[in-house]
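What follows is a set of notes on a single structure, which appears directly below.
Number of protein chains: 2
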Amino acid sequence: MGGDHGSRAIIHGAARAAQEHPALTLELFGPRQHVMAELSRLPQPLAAAASRLVPRDAAHAVPPGATAAWALRHGRSSSMALMLDALSSAQCHVDAAVSAGNTAALVALSRRVPGMLPGIDRPAISTAIPARKQRTCYLLDLGASVDSPAQRLADFALMGAAMAQCVDGIEYPRVALLNVGAEAAKGSVSVRQADVILRRYATQGAFDYHGYAEGGDLFGGCVDVMVCDGFVGNAVLKSSEGLASMLVERVQAAFESRLSGRLASFLARPVLRRLKQELDPVRYNGASLLGLSRIVVKSHGGAHAEGFYYAILRAMQEVEHNLPERLAERWQQTAP
Amino acid sequence: MGGDHGSRAIIHGAARAAQEHPALTLELFGPRQHVMAELSRLPQPLAAAASRLVPRDAAHAVPPGATAAWALRHGRSSSMALMLDALSSAQCHVDAAVSAGNTAALVALSRRVPGMLPGIDRPAISTAIPARKQRTCYLLDLGASVDSPAQRLADFALMGAAMAQCVDGIEYPRVALLNVGAEAAKGSVSVRQADVILRRYATQGAFDYHGYAEGGDLFGGCVDVMVCDGFVGNAVLKSSEGLASMLVERVQAAFESRLSGRLASFLARPVLRRLKQELDPVRYNGASLLGLSRIVVKSHGGAHAEGFYYAILRAMQEVEHNLPERLAERWQQTAP
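Top to bottom, those sequences are chains E and R. Under the working numbering, the first residue of the first sequence is numbered 251, with each subsequent residue one higher. Under the working numbering, the first residue of the second sequence is numbered 251, with each subsequent residue one higher.
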C-alpha cells in the first residue's frame, strides 16, 4: 500500500517481476477487494502472472507521515506489519519483504519483527550508487540512524563490506569513511574514533580500508563501500537525486533550444532517458535494510512500477546469496 | 600561493579581473621574484592590467595539508596570514581577501585576524548553489564547523539570510533547515532544537522560515538559504560536484557513441561546457566566509584562472554591498 503513486504502481511492478520469473510468487498486503480489483485490471502480458500474485488482506496502511513510535504503538495490523509477520513466520515460507512505504516505520517494525541478527544493534539502509568505471558504491547509512557513534559507523562498514562480498562477489571490498577531508585531524569525534576501529578491522582482514574519503569520492569508482551517519547519507543521497534530475532537465532544455524538435527527440531523448535511470539509484535499485535476520528491501516512495520491479529484483538477488546468513557469519568473524 | 594549479592560475584570474575592472587593484601575496616572473609572462590583453597587480612579498605559504592548529602556530608569516593582516590594517586600504589555499587554515587565521563580528562565534562558509527556476540557494555551513549545536545552526540561518538580502536584494529570504525528512519528530537533537529557534526568529521578522527541507530541495528553487552542519554541507557540496562532473562526462560519452565526432563536437560540447560551469558552484562562484568583520572569499582549490576570477567578482559584489556591516546590523536586530 506504500508509495506516492498508490497500489497500482506496486501491483504493476510486482506483476512484471512475476511474469519474468516463473518461479516467483508474490504476496500483496492490502485491502483484499482493492488488490483484487487492481489485479483484474492488469493488461496482458502482465495478467498472465496474476495467479502468482496472492492478495493478503490488510485493512489499513501505515500513513506516510507516521513516526516510528506511532508505527510501533498502532501499526500492528497494518499491511506493513502483516508483511513482516509473514516474513518471520516459518509457516509462510516467505523469503524477502519489499515495501515502498514509510521508511521510519519500516525500520522500527522490522527491528521488532523479524528482528536483528545477533550482536547487531540497529539496521542500516544502503543502496548501490552508480560511479565511474562502470562500478557502484554502497552508501550507508541512508537515514536509519542519526548521530551515529563510532561503533555504529564501524558496524555499517562491516555490513556494507559483507554485502559487496556476498552480492557482488568482491572478495576484498574497499571501504572508505566519509569525512570533510582526507587529513587525520579533520572531522567529528565519532568519525575519528570510527577510523581507529576500521583500521583494526582491516588488519583482521575484514576489508581493504581506504581511510577517509570526501563526498566526491562516492562517484569516483575507487571505493566499494562508503560509510557515514544516516543524516549525512540521507542528505547526500537526496541532494544527488535532486541534482541528477535537475541536470537531466537542463541538458534536455539546452539541446532542445539548439536543435529542432525532431532532431532533439531523435538524438537527445534516448540518451537522457537511459541516463536518468542510471542515475536514480534508489528509485531504480531499491535500498536494503541490513543487519536484520531476514531480507527487507525499501523501494523508493516516488518509484513507479519500474522502480518497484527493480526493488523486487534486488530482494531476489539477496535471497539467492542468502545475505542475512552470510552477514551473520562475517559478523562473528570480525565484530568485537 | 594556494590552489592545486599553482600561482599561475591565480595570477591569470587576477589579471582578468583587473583588466575588466579598471578601478580594481589586486595585491598578490607570494615570493616576490616568483610573482614578478609570472606577471612578466602575462599575455596580452591581460598584461595591460599588470600595473594594478602589486606583488607583496611572502616567502612561504601554508601547506595544503596543514591543520588549523599548525597554521595558528607556524603560519604567521605565510602569504595567507600576511594577506589577512593587510585586510585588517587601516593603512592598507584593502577591501577584501581572496584565497584558493587551505580552508582550515583560512578559517582559523581569519578568525584571529581580521576577527569575528561582535556576537558571532565562528565563521560559516557558504556558496550559491544553482537551482531550478533560474535561482540559486545559499548552502551553509560547508565545513568551517562540524557537530554544530542548535544555536550555531540558527546563526548560520541569520548569516545566510543577511547575505541573500544584502547581495541578492531578496527582502524576505526563504530559509530552510536541512533534515532527513519534513516531519517534526525526525532528525538529530540539535536540528530539532534549531527548528525552535528559527521559528522564533521568523516571528521576529528575520526571514521567511520554510521549516525542514530534504537534500533534494537544495535544487528545487523554492528556498533561498539552506542551513546545515558543516560536515553535512561539505559532504553534500562535494558529492554534488562529483556527481555533476561524472554526469557531464556520461552525457558526453553517450552522445559521442551515437553521433559522429564532428557532429558531437558541434552539438554536444558547447552545451556541456556551459552546463559544467553552471553546475560547479564553488569552482565558479567562490565561497564566502561569513561572520568575519571583513570580507574573505575562498576560491576552490581546484579552480583554474576562471574560477579564481569569479571568486574575485564575488568579493567585489560583497564589497559593493558592504556585507559585513549590514550583517552586523541585522545581527543586532535579531540575535539573542
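Cβ coordinates follow ideal geometry from the N, Cα and C atoms, glycine included.
Notebook entry, point to check: For I545(E), which residues does DSSP report across the bridge?
Noted result: BP columns for I545(E) point to A346(E).
Checklist line | Cβ contact (3+ pairs, closer than 8 Å) linking the segment 252 to 259 of chain R and the segment 549 to 560 of chain R | finding: yes
Item checked: DSSP three-state assignment for F251(E), whether helix, strand or coil -> It should be pointed out that residue 251(E) corresponds to Met in this sequence rather than to Phe. M251(E): coil per DSSP, three-state reduction.
Check: In angstroms, rounded to a whole number, what distance separates the CA positions of Y422(R) and V473(R)?
Finding: 11 Å
Next item on the list: Take every Cβ of the segment 357 to 373 of chain E, pair it with every Cβ of the segment 396 to 409 of chain E, and state whether three or more of those distances are shorter than 8 Å.
Entry: yes
Note to self: Using a 10 Å radius around the Cβ and a threshold of 16 neighbouring Cβ atoms, would you call Q415(E) buried or exposed?
What the structure shows: buried
Item checked: Residues from the segment 397 to 408 of chain R in contact with chain E, defined by Cβ distance under 7 Å -> D397
Item checked: Neighbouring residues, chain R, relative to R382(E) (Cβ below 7 Å) -> M496
Checklist line | Own chain residues within Cβ distance below 6 Å of Y462(E), not counting five before or after | finding: L427, N429 and A432
Next item on the list: Rounded to whole angstroms, what's the CA-CA distance from L332(R) to G393(R)? Just pull it up for me.
Entry: Taking the straight line from one Cα to the other gives about 23 Å.
Next item on the list: For V285(E), go through chain R and note every residue whose CB falls closer than 8 Å to its CB, in chain order.
Entry: Simply none; closest approach about 28 Å.
Margin query: Any beta carbon from chain E within less than 8 Å of T386(R)'s own beta carbon?
Written below: no
Check: Which chain E residues sit within Cβ distance under 9 Å of E433(R)?
Finding: G315, A316, T317 and A354, listed in chain order.
Next item on the list: Please name the residues in the segment 454 to 472 of chain E whose beta-carbon is closer than 8 Å to at least one beta-carbon of chain R, in chain order.
Entry: E464, G465, G466, D467, L468, F469 and G470
Checklist line | Partners in chain E for A485(R), counting only beta-carbon separations shorter than 8 Å | finding: Within 8 Å of the CB of A485(R), the CB atoms of chain E belong to L428, V430, E464, G465, C478, V482, A485 and V486, in sequence order along the chain.
Note to self: Quick check on the burial criterion: 16 or more other C-beta atoms within 10 angstroms. Buried or exposed for T353(R)?
What the structure shows: buried
Item checked: Neighbour list for A504(R) in chain E, Cβ cutoff strictly below 8 Å -> V521, R524 and L525
Note to self: To the nearest angstrom, how far is the alpha carbon of A456(R) from that of A412(R)?
What the structure shows: 9 Å
Margin query: Could you check whether the Cβ of S438(R) sits closer than 8 Å to any Cβ belonging to chain E?
Written below: Chain E contact via Cβ: present.
Check: Whole-angstrom Cβ separation of L525(R) and A504(E), contact assumed at under 8 Å?
Finding: 7 Å
Note to self: Spatial neighbours of A336(E) within its chain, please: C-beta separation below 6 Å, excluding the five flanking residues on both sides.
What the structure shows: C342 and V344
Checklist line | Where R306(R) falls: helix, strand or coil (DSSP) | finding: strand
Check: Looking at F481(R) and L493(E), is the spacing between their C-beta atoms short of 8 Å?
Finding: No, the pair does not count as a contact, with Cβ atoms beyond the cut-off.
Notebook entry, point to check: Among the residues of its own chain, which have a CB less than 8 Å from the CB of Y388(E), if the five just before and after it don't count?
Noted result: S376, T377, A378, I379, G410, M413, A414, D474, V475 and M476
Next item on the list: Determine the DSSP secondary structure at R326(E), reduced to helix, strand or coil.
Entry: It is coil, neither helix nor strand.
Margin query: Suppose contacts are defined by Cβ-Cβ distances below 8 Å. Is S440(R) in contact with V486(E) by that definition?
Written below: no
Note to self: Using the Cβ count rule (16 or more neighbours within 10 Å means buried), how would you classify Q384(R)?
What the structure shows: exposed
Item checked: Cα-Cα separation, L540(E) to G552(R) -> 37 Å
Next item on the list: Would you mind reading off the limits of the alpha helix (DSSP H) that contains H262(R)?
Entry: G256 to E270
Item checked: Pick from A273(E), A299(E) and H284(E) that is closest to A265(E), judged by C-alpha positions -> A299(E)
Next item on the list: Report yes or no: do three or more beta-carbon pairs, one from the segment 300 to 307 of chain E and one from the segment 278 to 288 of chain E, lie closer than 8 Å?
Entry: yes
Item checked: Coil, strand or helix - A561(E) by DSSP -> helix
Checklist line | Whether G536(R) touches V547(R) by CB criterion (8 Å) | finding: Cβ atoms of G536(R) and V547(R): closer than 8 Å.
Check: Quick one: what does DSSP say E575(R) is sitting in, helix, strand or coil?
Finding: helix
Margin query: Measuring straight from C-alpha to C-alpha, what distance separates V501(R) and S339(R)?
Written below: 49 Å
Item checked: M476(E) - partner residues in DSSP beta bridges -> L389(E) and A426(E)
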